[in-house]
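Per my numbering, residue 452 is the first one in the sequence shown, and the count goes up by one each step.
In this text, a Cβ means the ideal position worked out from N, Cα and C, and glycines have one as well.
All values derive from a computational prediction rather than experimental measurement.
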Amino acid sequence: MEYFRYGKPVTGKYFINREKELKKIHDILSEIPKGGGNNIALIGLRRTGKTSLLKNLKLDLEGIIPVFIDCYGMPSKAVLATQLIDVALKSYVKKTGDKAYLRKIEKVIKQKASDILSKISEAELSIARYASIRIGFREGKDQQELLENALNYIENLAKEKGVYFVLMMDEFADIAIRWGVEWVKRLRTIIQHQEKVFYILSSSAVTYMTELVYSRDSAFYRQLTPIKLGPFKEDIVKEYVNKRLMIEKEALDEYVKLTGCFPDYMQRLGHIIMHTHGRKNVTIRVVKECYKEMLWDLDSEFRQLLARLNEKSAKYGELIIAVTRNSKPSAIARSMGINQTSLPKYLNYLINIGILEKRDGYHLTDPVFESWVKRNFVTSSI
452 MEYFRYGKPV TGKYFINREK ELKKIHDILS EIPKGGGNNI ALIGLRRTGK TSLLKNLKLD
512 LEGIIPVFID CYGMPSKAVL ATQLIDVALK SYVKKTGDKA YLRKIEKVIK QKASDILSKI
572 SEAELSIARY ASIRIGFREG KDQQELLENA LNYIENLAKE KGVYFVLMMD EFADIAIRWG
632 VEWVKRLRTI IQHQEKVFYI LSSSAVTYMT ELVYSRDSAF YRQLTPIKLG PFKEDIVKEY
692 VNKRLMIEKE ALDEYVKLTG CFPDYMQRLG HIIMHTHGRK NVTIRVVKEC YKEMLWDLDS
752 EFRQLLARLN EKSAKYGELI IAVTRNSKPS AIARSMGINQ TSLPKYLNYL INIGILEKRD
812 GYHLTDPVFE SWVKRNFVTS SI
């Protein structure tokens with residue numbers, strides 16, 4: 452029986468309609484051992500399957516090692532530094548089977564810091580770098596220095612072992628926006644001098660990532676190959692659902708409308724229908740009732756998103772509620788109780804991070820989040 456899968460990256464028969472994007476990335480990376488290749492910007496709204504795409508990217512090419520890092524909510528540069536070296540190490544050992552290198556690392560980090568430093572010249576350079584980052588983290592060294600050392604560790608390891616790394620930084624814009632333009636410039640400088648490490652910078656902050664690729668003021672101007680993901684086409688969703696549910700045509704049309712053809716919502720709603728109603732005789736009433744349950748399931752996640760924005764400024768929450776009532780800037784400003792001239796700074800931030808889009812006024816990019824906002828803050832109906 453065919454099922455629905457959500458809540459984690461989907462693979463196998465549940466991963467559909469991204470063959471074109473997978474091939475494009477694979478083709479770019481396949482040039483790396485030949486002296487080619489390029490860094491990539493993977494751009495798409497939340498819940499369009501970017502993480503699934505990265506997880507399904509089978510780097511079966513000889514000597515290319517994938518390293519996946521989730522940057523969303525990353526608390527500090529020091530934490531990112533330690534995650535980078537640990538995941539890179541594990542990925543290298545898993546790909547190559549070089550357990551001897553892992554044993555050397557484990558032996559070194561068990562020693563006292565003074566012993567490590569006294570013998571560091573005798574060790575492989577990558578092991579020395581790994582140890583120095585671990586020591587620096589424990590001793591509270593400068594975080595930017597730790598992060599740069601971590602990126603250099605991956606480059607050193609690649610050179611020593613004759614391999615290449617592809618570092619996939621998922622939700623990259625989350626740290627880039629928080630840590631600022633100067634940090635992005637320093638990262639670009641490091642990347643520019645690396646020969647054995649390539650990057651896939653992925654994010655749902657569509658406007659930010661688009662400017663990162665195309666803006667002349669960007670540190671990465673014309674340095675990234677953009678690959679864009681959007682919602683599925685309606686016929687793809689209908690075919691997928693019809694294989695799993697016996698659903699009426701009117702109900703299927705409603706299913707498509709409510710989910711907006713977003714891959715995650717397509718999977719979620721189908722899962723709820725299958726497990727609360729069953730596969731057969733799915734009517735429009737069933738779809739609507741199960742959609743309400745999906746909104747309830749997403750309640751805590753959406754509230755956390757609002758809370759995070761409100762920590763920055765309560766105006767962001769007010770703005771999100773306002774745009775569900777009226778898309779015109781003048782009406783939005785009145786609803787928020789602010790002068791219209793103050794509105795752009797709030798609009799631009801939410802557009803940058805992929806929450807809003809400008810399209811005949813301003814609208815939320817996520818149709819299910821919009822339904823949830825209306826249900827909880829505007830009206831009791833869906």
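Environment of A773 [buried if 16+ CB atoms lie within 10 Å]
The count along the sequence shown starts at 1 and reaches residue 773 at position 322. Buried is the call here.
What are the boundary residues of the beta strand (DSSP E) that V617 is part of?
Here residue 617 refers to the residue found at position 166 of the sequence shown. Counting along the chain, the beta strand (DSSP E) containing V617 begins and ends at 615-621.
Leaving out five residues on either side along the sequence, give the residues of the same chain with a beta carbon under 7 Å from the beta carbon of S831.
Your numbering for residue 831 matches position 380 in the sequence shown. Unreliable placement is indicated for S831, whose pLDDT of 49 sits below 50; the coordinate value is still reported in the next sentence. Here the set comprises nothing.
For A551, does the count of other Cβ atoms within 10 angstroms reach 16, so buried, or fall short, so exposed?
The residue labelled residue 551 in the question sits at position 100 within the sequence shown. Exposed, since its Cβ has fewer than 16 Cβ neighbours within 10 Å.
Helix, strand or coil at G495 according to DSSP, with G and I counted as helix
Translated into positions along the sequence shown, residue 495 becomes position 44. Three-state result, G495: strand.
Whether V648 touches F616 by CB criterion (7 Å)
Along the sequence shown, one-based indexing puts residue 648 at 197. Along the sequence shown, one-based indexing puts residue 616 at 165. Their beta carbons are under 7 Å apart, which means V648 touches F616 by this criterion.
Quick check on R810: buried or exposed, where buried means 16 or more other Cβ atoms within 10 Å of its Cβ?
Sequence index remark: in the sequence shown, residue 810 carries index 359 (1-based). Under this definition R810 is an exposed residue.
Euclidean distance between Cα positions of H477 and P460:
Position 26 of the sequence shown holds residue 477. Position 9 of the sequence shown holds residue 460. Approximately 19 Å between the Cα atoms of the pair.
Quick one: what's got a C-beta closer than 8 Å to Q881's C-beta in the same chain, skipping five residues either side?
The displayed coordinates of the chain run from 452 to 833. Any statement about residue 881 would go beyond what the structure contains.
Length of the line joining the Cα atoms of Y457 and R497:
The residue given as residue 457 occupies position 6 in the sequence shown. The residue given as residue 497 occupies position 46 in the sequence shown. Cα to Cα, Y457 sits roughly 14 Å from R497.
Quick one: what's got a C-beta closer than 6 Å to L709's C-beta in the same chain, skipping five residues either side?
Here residue 709 is taken as the residue at index 258 of the sequence shown, counted from 1. Cβ neighbours of L709 beyond the five flanking positions: Y742.
According to DSSP, simplified to helix, strand and coil, what is K464?
The sequence position of residue 464 within the sequence shown is 13, counting from 1. K464: helix per DSSP, three-state reduction.
Can you tell me whether V632 is buried or exposed? The criterion is at least 16 other CB atoms within 10 Å of its CB, across all chains shown.
Within the sequence shown, residue 632 is the residue found at index 181, counting from 1. The residue in question, V632, is exposed, as its Cβ has fewer than 16 Cβ neighbours within 10 Å.
Look at the alpha carbon of L703 and the alpha carbon of L680, and state the distance between them as a whole number of angstroms.
Within the sequence shown, the letter at position 252 stands for residue 703. Within the sequence shown, the letter at position 229 stands for residue 680. Looking at the two C-alpha atoms, the distance is approximately 23 Å.
Given 8 Å, three or more beta-carbon pairs between the stretch 480-492 and the stretch 751-761:
no
If you check the beta carbons only, do L505 and M619 fall under 7 Å apart?
The residue given as residue 505 occupies position 54 in the sequence shown. The residue given as residue 619 occupies position 168 in the sequence shown. In contact: L505 and M619 (Cβ atoms closer than 7 Å).
Given this structure, state the Cα-to-Cα distance separating I605 from T499, to the nearest angstrom.
Position 154 of the sequence shown, counted from the start, is the residue given in the question as residue 605. Position 48 of the sequence shown, counted from the start, is the residue given in the question as residue 499. Roughly 30 Å separates the two Cα atoms.
Same chain, Cβ closer than 8 Å to S781, five either side skipped, listed in chain order
Counting from one through the sequence shown, the residue named residue 781 turns up at place 330. Counting only Cβ-Cβ distances below 8 Å, and skipping sequence neighbours, we find Q791.
Would you mind sorting S654 into buried or exposed? The rule is 16 or more other CB atoms within 10 Å of its CB.
Mapped onto the sequence shown, residue 654 falls at position 203. Per the 10 Å Cβ criterion, buried.
How should G729 be labelled, buried or exposed, when 16 other C-beta atoms within 10 angstroms of its C-beta is the threshold for buried?
Position 278 of the sequence shown holds residue 729. G729 comes out exposed.
Counting C-beta neighbours from all protein chains within 10 Å, is the total for T640 16 or more, i.e. buried, or is it exposed?
Position 189 of the sequence shown, counted from the start, is the residue given in the question as residue 640. T640 is exposed by the Cβ-count criterion.
In three-state DSSP terms, what is P714?
Here the question's residue 714 lines up with position 263 in the sequence shown. In the structure shown, P714 sits in a helix (DSSP, three-state: H, G or I).
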